Amino acid sequence: PAEAGAAPADAASPAPPAQPFLTETGAAEGLGVESIALCTAIENRMCVGEKREFAPGEMVWALLRVVNETRAETEIRVAYLEAALSPAPGQGLRLRVPAQERYTTFSKASKAADGRYDVVVTTATGAEIARARFQVGAGGSATPAETTAPGPAGPAATPPSPPPPPPPPVAPGTGLGIASLELCRAIENRRCAEAATTYAPREMVWALLRVTNPDRAETELRVSYVAAGGAPAPGEGLVLRVPAQERYTTFAKAGKANPGRYDVVVCAPDGRELARAGFEVR
1 PAEAGAAPAD AASPAPPAQP FLTETGAAEG LGVESIALCT AIENRMCVGE KREFAPGEMV
61 WALLRVVNET RAETEIRVAY LEAALSPAPG QGLRLRVPAQ ERYTTFSKAS KAADGRYDVV
121 VTTATGAEIA RARFQVGAGG SATPAETTAP GPAGPAATPP SPPPPPPPPV APGTGLGIAS
181 LELCRAIENR RCAEAATTYA PREMVWALLR VTNPDRAETE LRVSYVAAGG APAPGEGLVL
241 RVPAQERYTT FAKAGKANPG RYDVVVCAPD GRELARAGFE VR
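Residue numbers for the sequence shown follow the numbering used here, so the first one is 1 and each next one is one higher.
Pasting the structure below:
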């Protein structure tokens, strides 16, 4: 069973520290998730005991800070799924979002079986706007999911085939393309507030995308944060809806726990890479 509730518009408060598990947030249809925190309880609109590892049957509370640029009454859905899966149409607990720019709400659910799961937040039309991963039970699967650097121990894995060289930042020809991809520390009024290519461990890396859609067909993009030179696995990444308009601005954000070099990779629905931008964590 799952439960949910809401709190009135909250005063500005610092976002909780990023965890070494996958956390991705974005926006679609003027609706976005500024932060998603998983915790053992929620008190006064704050996370109590934030963590990403839970016991079987333990309640996983998800605290959501929602940004509603349109200030129109709408709704979101929150689903608790096996890791990397996407919810079916209409799946998940429905949470009302009132006609105000910022809003805090929450949901909770538990999982009985050991494994890795995702809390997935979608708009009323099914566009994914946030995802956070957690572990139930112990075992080898408790290794942080978002970390892309190999660990110091464990059996040697077969080295992957070298990825193809990255394409130009803007997709050639007609169809969906990326006019610009900017990495920044924050986004204000749909603009990069502070461009950056170097970040501290767990610091959020915001990716601001200006999309060209000459066909004016409703479609989607996937944004992934991968090791430098790497390629996303099929279906990997945050799904961002692109409406039926010629130009559109959207964003994603995620943090990396381990020092190293990474790429933000933007792909079309068929997996074709549209844009790539690199950054370093140190």
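Just so it is clear, CB atoms sit at the ideal spot from N, CA and C, and this is done for glycine as well. Since the structure is predicted, the reported quantities are computational estimates derived from the model, not experimental observations.
Residue 203: which of 282, 127, 86, 50 sits nearest, CA to CA?
Ranking the options by Cα distance to residue 203, first place goes to 282.
Helix, strand or coil: how does DSSP classify residue 125 here?
Taken through DSSP and simplified to helix, strand or coil, residue 125 comes out as coil.
Just to confirm before moving on: does the CB-CB distance between residue 118 and residue 94 stay below 7 angstroms?
By the CB criterion at 7 angstroms, residue 118 and residue 94 fall outside the cutoff.
For residue 96, three-class secondary structure by DSSP:
Assigned with DSSP and collapsed to three states, residue 96 falls in strand.
Name the DSSP beta bridge partners of residue 220, please?
The partner list for residue 220 (beta bridge, DSSP) reads 241.
Check whether residue 265 and residue 226 have beta carbons under 7 angstroms apart
The answer is yes: Cβ separation under 7 angstroms.
Where residue 252 and residue 187 are concerned, what is the direct C-alpha to C-alpha distance, given to the nearest angstrom?
Per the coordinates, the alpha-carbon of residue 252 lies some 10 angstroms from the alpha-carbon of residue 187.
Quick check on residue 263: buried or exposed, where buried means 16 or more other Cβ atoms within 10 Å of its Cβ?
The residue in question, residue 263, is buried, as its Cβ has 16 or more Cβ neighbours within 10 Å.
Please state whether the Cβ-Cβ distance between residue 110 and residue 62 is less than 7 angstroms.
No.
So the candidates are 279, 31, 64; which of them puts its Cα closest to the Cα of residue 183?
Checked all of 279, 31, 64; the closest Cα to residue 183 is 279.
Hey, does residue 103 have any beta-carbon neighbour from chain C nearer than 7 angstroms?
Here chain C cannot be found, since the structure has a single protein chain.
Threshold first: 3 residues or longer. Then list the beta strand (DSSP E) segments lying entirely within the segment 29 to 85, N to C.
List check, beta strand (DSSP E) in window: 31 to 43, 46 to 50, 59 to 68, 74 to 82.
For the pair the segment 33 to 47 and the segment 83 to 91, tell me if three or more CB-CB distances fall below 8 angstroms.
No, the segment 33 to 47 is not in contact with the segment 83 to 91.
Let me know if residue 121 comes out buried or exposed under the rule of 16 or more other beta-carbons within 10 Å of its beta-carbon.
Under a 10 Å Cβ-count criterion, residue 121 is classified as buried, with 16 or more other Cβ atoms of the shown protein chains found around its own Cβ.
Proximity to residue 284 [Cα-Cα], best of 124, 272, 213:
Missing from the structure shown is residue 284; the chain here goes from 1 to 282 and no further.
At what residues does the beta strand (DSSP E) containing residue 108 begin and finish?
Looking at the DSSP string, the run of the beta strand (DSSP E) that includes residue 108 is 102 to 110.
Taking 8 angstroms as the cut-off, does the segment 214 to 222 touch the segment 235 to 246 (at least 3 CB pairs, one atom from each stretch)?
The segment 235 to 246 vs the segment 214 to 222: in contact.
Could you tell me if the beta carbon of residue 239 falls within a distance shorter than 6 angstroms of some heavy atom in the ligand HEM?
Ligands are entirely absent from the displayed structure, and the ligand HEM is therefore not among its contents.
Give me the DSSP bridge partner(s) of residue 114.
Residue 114 has no beta-bridge partner at all, per DSSP.
Could you say which of 181, 90, 137 lies nearest to residue 277 if we only look at CA atoms?
Closest by alpha carbon: 181.
Determine the contact status of residue 129 and residue 49, defining contact as a CB-CB distance below 7 angstroms.
No.
Residue range of the beta strand (DSSP E) that residue 197 falls in?
No beta strand (DSSP E) holds residue 197; DSSP gives it neither H nor E.
Looking only at its own chain, which residues have a Cβ that is under 7 angstroms from the Cβ of residue 271, when we skip the five neighbours before and after it?
Same-chain partners within the cutoff: 234.
Between which two residues does the beta strand (DSSP E) harbouring residue 263 extend?
From DSSP, the beta strand (DSSP E) with residue 263 extends over 260 to 267.
Around the Cβ of residue 177, are there at least 16 other Cβ atoms within 10 angstroms (buried) or fewer (exposed)?
It counts as buried.
DSSP on residue 253, reduced to helix/strand/coil?
Looking at residue 253 - three-state DSSP - the assignment turns out to be strand.
Check each candidate in 229, 212, 208, 97 and name the one with the smallest Cα separation from residue 179.
Considering only alpha carbons, the answer is 212.
Could you tell me the distance, in whole angstroms, from the CA atom of residue 126 to the CA atom of residue 90?
It is roughly 7 angstroms from the alpha-carbon of residue 126 to the alpha-carbon of residue 90.
Please confirm whether residue 302 and residue 105 have their CB atoms less than 7 angstroms apart.
With the chain covering only 1 through 282, there is no way to say anything about residue 302.
Please state the DSSP three-state secondary structure of residue 145.
Any reading at residue 145 needs caution, since the residue's pLDDT is 32, under 50, leaving its predicted position unreliable; the model's value is listed next. Residue state, collapsed to three classes: coil.
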